[in-house]
Amino acid sequence: MAALPTISFAQSALPERGAAVLFVDADNGFGPLGRQMLEASGGALARALSAAAFKGKVNSVLDVVAPAGLAVDRVLVVGLGALDAFDAAAALKLGGTLMGKIKESRAAEVTLVLERPDGEAFDPALAAEIALGLRLRAYEWDKHKTKKKDDPPPAAAITLAIDDADRAGGLWAAAAEVAAGVELARDLVNEAPNILGPVEFADHAKALEAHGLEVEILVDEDMRELGMGALLGVAQGSARPARLAIMTWNGGKSNDQPLVFVGKGVVFDTGGISIKPAAGMEDMKGDMGGAAAVIGLMRALAGRKAAVNAIGILGLVENMPDGNAQRPGDIVTSMSGQTIEIINTDAEGRLVLADALWYAQDRFKPAFMIDLATLTGACMVALGTQHAGLFSNDDALAEKLYGAGQATGEKIWRLPLGPDYDKQIDSRFADMKNTGGRYGGAITAAQFLKRFVNETPWAHLDVAGTAMAAADSEINRSWGSGFGVRLLDRLVRDNYES
Ligand code: BES
Ligand code: MN
Ligand code: ZN
70 MAALPTISFA QSALPERGAA VLFVDADNGF GPLGRQMLEA SGGALARALS AAAFKGKVNS
130 VLDVVAPAGL AVDRVLVVGL GALDAFDAAA ALKLGGTLMG KIKESRAAEV TLVLERPDGE
190 AFDPALAAEI ALGLRLRAYE WDKHKTKKKD DPPPAAAITL AIDDADRAGG LWAAAAEVAA
250 GVELARDLVN EAPNILGPVE FADHAKALEA HGLEVEILVD EDMRELGMGA LLGVAQGSAR
310 PARLAIMTWN GGKSNDQPLV FVGKGVVFDT GGISIKPAAG MEDMKGDMGG AAAVIGLMRA
370 LAGRKAAVNA IGILGLVENM PDGNAQRPGD IVTSMSGQTI EIINTDAEGR LVLADALWYA
430 QDRFKPAFMI DLATLTGACM VALGTQHAGL FSNDDALAEK LYGAGQATGE KIWRLPLGPD
490 YDKQIDSRFA DMKNTGGRYG GAITAAQFLK RFVNETPWAH LDVAGTAMAA ADSEINRSWG
550 SGFGVRLLDR LVRDNYES
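Numbering-wise (my numbering), the sequence shown opens with residue 70 and increments by one.
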């Protein structure tokens, strides 16, 4: 919400105004322009480095104000660490850390001198990652603060000076679209639940038509006709009606099977009749983090005109206790025809996804389906906030996802599926029940979803621990993370665009 920095690329040159950012390796080695500035400072910079015992460790920053002999107001010296370990994930983090320092320093005009101490050309792809880190860290959610900070830092004008500025600038143009997708996802996760209901969320999806997506919104009657009894059963306790949003991006060849992404969009999860305890319940405004990632991804793919056919589906409901709410013991019939005994109304996400997944494979015959859902507390217990849980019926898809996680720093960890876990959700009264008992809760939730994917290659990402309230990171200080947008954009980019 705070003003974003403007980020541009320019041919390498010595900065003459504002703040200069110079990069050093693990031996405090500077590149050619950095060495020129070091000399021009007549020893001032070198002295500052040694006085601060600066070692060029990756992500370390030294802020030298008003250095003698230089026209610039300050020099930020940034460590790259060992150059061969400085990869895309490291570049992204470094951009984030640097943005933190730029905000602190209140610099309005900043020039990054991107050069390698060993004299080789600075990789334009790493430059674009640094830019992405700068932009993502700049994000702030202060929409509902009526008293703005007295003296907010200026929105910096940041120039990245690099040899191949054209190539870096082109990569950044695409990355900036991904950033816009992450920001959209964060905005939605951070938004208050009275303001963002299923209808309002669907409006956000519809608004993406301005970016070239086709968007279709199914309302209650449509879903009733389709037989979506599982999704509608969750919504029936809420005064706010459910929606299913279908967003289509046709950037590939007309006969290419689409890639389908499905998001859990529970705008607020009270637990329903199986109501949650009061402490921390406000966090359940973020129970639409999966849907937020999917809408953000679709925004990113359309924005950068990805050469792929992709469909995003959002299951949008509110889970409330009410005279009309569903009960433990109720039996609902899903669109697939399979019946479900409700044991716990707080295991609602899987009910929403059951119909959304069945609908997705039935209508679109996808190349694969990936769902994202803040599905289980059990997954957070297992993996904490640093990895999302990955479940899949397709090893090749799981491998690709894992690789995308490593490349983006949105890390995922695979957990098992199997027939013995599946037995845990057999029901005495219906085809299945919606909880699987005390143990393996993230797995039995995934087994449940698997019963609605048919033969389609499928992966499920349990993002309960990563979509919101994760620890502060280099690239995010707001509550909602936008987790999944960069991961899936990378999956698409690296594997499905020719
Ligand atoms: N939305 C929750 C899961 C969740 C918990 C997400 C904490 C993020 C943070 C989900 O709908 C839920 O309530 N799951 C239950 C399932 C249980 C009733 C089988 C859970 O994890 O306790
Ligand atoms: Mn729940
Ligand atoms: Zn939930």
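The beta-carbon is built from N, C-alpha and C at its ideal position, and this holds for glycine as well.
The segment 267-287 and the segment 225-232 do not touch, with fewer than three beta-carbon pairs separated by less than 8 Å. Boundaries for Val284: no alpha helix (DSSP H) harbours it, while the beta strand (DSSP E) harbouring it runs Glu283 to Leu287, taken from the DSSP string.
Under the three-state reduction of DSSP output, Asn564 falls in the helix class. When beta bridges are read from the DSSP output, Phe330 appears opposite Gly381 and Ile439.
Leaving aside the five residues that flank Met404 on each side, the residues in its chain whose CB is nearer than 7 Å to its CB run, in chain order, Leu295, Gly296, Met297, Asp424, Trp427 and Tyr428.
Selection Lys480, Lys333 and Met438 evaluated against Pro327 yields Met438 as nearest (Cα-Cα). Val133 carries a strand assignment under DSSP once its states are collapsed to helix, strand and coil.
Beta-carbon to beta-carbon, Ser174 and Ala88 are separated by about 7 Å, close enough to satisfy the 8 Å threshold.
Restricting attention to Ala249, Val329, Ala299 and Ala121, the CA atom closest to the CA of Pro526 is found in Val329. With a cut-off of 7 Å, the C-beta of Glu417 is classified as near the ligand MN, since at least one heavy atom of the ligand falls inside that distance.
Lys354 sits in a helix when the DSSP states are folded into three classes. Residue environment: Ile481 is assigned as buried (16 or more neighbouring CB atoms within 10 Å of its CB, all protein chains considered).
Closest in alpha carbon position to Pro222, among Lys172, Ala234 and Asp232, is Lys172. The shortest C-alpha to C-alpha distance from Phe92 to any of Asp541, Pro186 and Pro84 is the one to Pro186. Secondary-structure assignment with DSSP links Met292 through no beta bridge to anything. Ranked by Cα distance from Gly355, the first of Met367, Ser343, Thr339 and Leu370 is Thr339. By the Cβ-count criterion, Asp440 is buried, with 16 or more other Cβ atoms from all chains shown falling within 10 Å of its own Cβ.
When secondary structure is reduced to three states using DSSP, Asp232 falls in the coil class, being assigned neither helix nor strand. DSSP places Ile76 within a strand segment (E or B) once states are collapsed to three. Tyr208 counts as buried, since at least 16 other C-beta atoms from the protein chains shown sit within 10 angstroms of its C-beta. The three-state reading of DSSP puts Glu178 in strand, counting E and B together. DSSP places Ser119 inside the alpha helix (DSSP H), whose first and last residues are Ala113 to Ala120. Distance from the C-beta of Asn259 to the nearest heavy atom of the ligand BES is not below 7 Å. Ala539 and Thr445 do not touch by the CB rule: their CB atoms are close to 16 Å apart, not below 8 Å. Taken through DSSP and simplified to helix, strand or coil, Ile400 comes out as strand. Of the residues assessed, Val130 falls on the buried side of the cut-off, its CB having 16 or more other CB atoms within 10 angstroms. Within the DSSP bridge table, the entry for Thr454 names no partner. Between the segment 141-154 and the segment 77-88 there are three or more inter-stretch CB-CB distances shorter than 8 Å, so the stretches are counted as touching. With fewer than 16 other Cβ atoms from the protein chains shown falling within 10 Å of its own Cβ, Asp153 counts as exposed. The continuous beta strand (DSSP E) containing Val146 extends over residues Arg143 to Gly150.
When secondary structure is reduced to three states using DSSP, Arg104 falls in the helix class. Pro74 counts as buried, since no fewer than 16 other beta carbons sit within 10 angstroms of its beta carbon. For Leu444, the shortest C-beta to heavy atom distance toward the ligand BES is below 7 Å. Less than 8 Å separates the beta-carbon of Val421 from that of Val303.
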